[in-house]
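Be aware that the sequence shown starts at 1, since it is given in full-length UniProt numbering, and climbs by one per residue.
Note that beta-carbon positions come from the ideal geometry of N, C-alpha and C, so glycine has one too.
Take a look at the structure set out below.
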Amino acid sequence: MRTPVVMIIGLVLAPCGFLLSLIATFSPDWRELRSVSGAPVDEVIQQGIWDVCIASDISSSVACGQSDSTYFSQQVITVARGLMLASLLVMAGGIVMASLGVRCWQDNPNWLIAGLSGIVIFISGVLSLIPVAYYTNMLSNITTTFTAAKFQVGYSIVIGYIGSCFELISGAFLILCLFHLCKKRNEKQANSFYNKYYRESSPKTHIRTIDVPDMTREHRRSPSFGIEDFSQPPNRQTPKRQTPREFVSTDFTRNEPCDADL
């Protein structure tokens, strides 16, 4: 059996979203501070949720490991750390479940496990989207030890949004496997209901058993008439002799009526 399209899309987008979320979590560029007071004009302060770096627009040198206790003590940073790590762990479990559900090495996929993995991956996308959106909303309100006149969104936020969207789309496509599973079960239940209905509504036929005579022997009915004995000569009756008729002469000279006149 060919792998369904929904499973292919979900299984391709899920690792992509996981990789982008991983980069967004540990990259130190959620926010950029420019025009920092007491610093060169080309200097840029890159702040992430785990590290702070100092970069320059005219050179490729980057100095990370900068201390900023005020920045890391903010609630938005703590929430972003926890949710991004939780999203990565949940996403890893969802990818494993999706692989076991799709199981390309077999003919038939497991629709239930694939659908449940879609729910897990979708939850992971929500967990990664919340801190990214929260940080973006609080971008200019997060206090720091550096005094800057300009705040910009870093590339980590953009990567985080893209990764979250990939995870949400991947989870949505895999969740469609549950609808396919429910459709198959409904069809199966409908067929079983119809079969049960017709089986109960159809008239029941009772088969009568009769004793069949043994046909191996030929039964002949005895004739109702007598059987003549042909060994004896036939008994023929002699016909009776008829007595000759007596002729009566008629005397026409007499004027007496005769039988013919009557």
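Residue environment, S73, which counts as buried when at least 16 other CB atoms sit within 10 Å: Stepping through the sequence shown from its first residue, residue 73 is reached at position 73. Exposed, by the Cβ-count rule.
At which residues does the alpha helix (DSSP H) containing Y122 begin and terminate? Position 122 of the sequence shown, counting from 1, holds the residue named residue 122. Here residue 122 is Phe; the residue named in the question, Tyr, does not match the sequence. Unbroken alpha helix (DSSP H) run through F122: 111-137.
Just to confirm the assignment, what range does the alpha helix (DSSP H) spanning S59 have? Position 59 of the sequence shown, counted from the first residue, corresponds to residue 59. S59 -> no alpha helix (DSSP H), and no H or E assigned at all.
Excluding the 5 residues flanking L13 on each side, which residues of the same chain have their C-beta closer than 6 angstroms to its C-beta? Position 13 of the sequence shown, counted from the start, is the residue given in the question as residue 13. These residues qualify, in order along the chain: F166, I169, S170.
Figure out for me which residue from S124, S99, G65, Q66 has the closest Cα to the Cα of L88. Numbered from its first residue, the sequence shown carries residue 88 at position 88. Here the closest residue by C-alpha is S124.
Exposed or buried, what is C182 when buried is set at 16 or more other beta-carbons lying within 10 Å of its beta-carbon? Taking the sequence shown and counting its residues from 1, the one referred to as residue 182 is at position 182. C182 comes out exposed.
Please name the residue, chosen from I45, Q75, M84, D107, that lies closest to V19 on a Cα-to-Cα basis. Here residue 19 corresponds to residue number 19 of the sequence shown, with the count starting at 1. One point to set straight first is that residue 19 is Leu, not Val, in the sequence displayed. Closest option to L19, Cα to Cα, is M84.
By how many angstroms is the C-alpha of F179 removed from the C-alpha of F173? The sequence position of residue 173 within the sequence shown is 173, counting from 1. The sequence position of residue 179 within the sequence shown is 179, counting from 1. Cα to Cα, the separation comes out at about 11 angstroms.
Beta-carbon gap between M97 and I113 smaller than 8 angstroms: Stepping through the sequence shown from its first residue, residue 97 is reached at position 97. Stepping through the sequence shown from its first residue, residue 113 is reached at position 113. A contact, by the Cβ cut-off of 8 angstroms.
List the residues that DSSP assigns as beta-bridge partners of K183. For the purposes of this step, residue 183 is taken as residue 183 along the sequence shown, with counting starting at 1. The partner list for K183 (beta bridge, DSSP) is empty, contrary to what the question assumes.
Option nearest S59 by Cα separation, candidates S21, D42, G38, R34: In the sequence shown, the residue the question calls residue 59 occupies position 59. Per the Cα distances, D42.
Proximal residues to Y134 (C-beta, below 8 angstroms), its chain only, five neighbours per side dropped: The residue given as residue 134 occupies position 134 in the sequence shown. Result list for Y134: V76, V79, A80, in chain order.
Residue closest to residue 275, alpha-carbon to alpha-carbon, out of V90, T147, G38: Here the chain covers residues 1 to 262 and nothing more, so residue 275 does not appear.
On the DSSP bridge list, what partners appear for E32? Stepping through the sequence shown from its first residue, residue 32 is reached at position 32. Q46, Q152, per the DSSP bridge assignment.
Since S156 contacts D68 with CB under 8 angstroms, what's their CB separation in whole angstroms? Position 156 of the sequence shown, counted from the first residue, corresponds to residue 156. Position 68 of the sequence shown, counted from the first residue, corresponds to residue 68. At roughly 16 angstroms, the Cβ-Cβ gap does not stay under 8 angstroms, so S156 and D68 are not in contact.
Cα-Cα separation, T136 to W111: In the sequence shown, residue 136 corresponds to position 136, counting from 1. In the sequence shown, residue 111 corresponds to position 111, counting from 1. The alpha-carbon atoms of T136 and W111 are separated by roughly 37 angstroms.
For a test of the three-state rule: what should DSSP assign to V102, helix, strand or coil? Looking up residue 102 in the sequence shown gives position 102. The answer is helix: DSSP assigns V102 an H, G or I state.
Which residues does DSSP pair with V52 in a beta bridge? The residue given as residue 52 occupies position 52 in the sequence shown. In DSSP, V52 forms a bridge with Q47.
Quick one: Cα of G101 to Cα of A24, how far? The residue given as residue 101 occupies position 101 in the sequence shown. The residue given as residue 24 occupies position 24 in the sequence shown. When rounded, the distance between both Cα atoms is 28 angstroms.
Between which two residues does the alpha helix (DSSP H) harbouring S69 extend? Numbered from 1 along the sequence shown, position 69 holds the residue referred to as residue 69. Residues 69-72.
Which class does S37 belong to by DSSP, given the choice of helix, strand or coil? Sequence index remark: in the sequence shown, residue 37 carries index 37 (1-based). S37: coil per DSSP, three-state reduction.
When you compare each of V126, K150, V153 to G163 by their alpha carbons, which one comes out closest? As a first step, residue 163 is located in the sequence shown; it is residue number 163 there, counting from the start. Checked all of V126, K150, V153; the closest Cα to G163 is V126.
Cβ shell of C53 (< 6 angstroms), same chain only, five flanking positions each side left out: Position 53 of the sequence shown, counted from the first residue, corresponds to residue 53. Taken in chain order, the residues that qualify are P28, Q46, V62, C64.
Compute the distance between the beta-carbons of F122 and I159, then report whether it is under 8 angstroms. Start at 1 with the first residue of the sequence shown, and residue 122 comes out as number 122. Start at 1 with the first residue of the sequence shown, and residue 159 comes out as number 159. Against a cut-off of 8 angstroms, the Cβ pair of I159 and F122 comes out as no contact.
Looking at E32 and G154, is the spacing between their C-beta atoms short of 8 angstroms? Position 154 of the sequence shown, counted from the start, is the residue given in the question as residue 154. Position 32 of the sequence shown, counted from the start, is the residue given in the question as residue 32. In this structure, E32 lies closer than 8 angstroms to G154 by Cβ.
Work out the CA separation of R103 and G10 for me, nearest whole Å. As a working note, residue 10 is residue 10 in the sequence shown. As a working note, residue 103 is residue 103 in the sequence shown. Looking at the two C-alpha atoms, the distance is approximately 13 angstroms.
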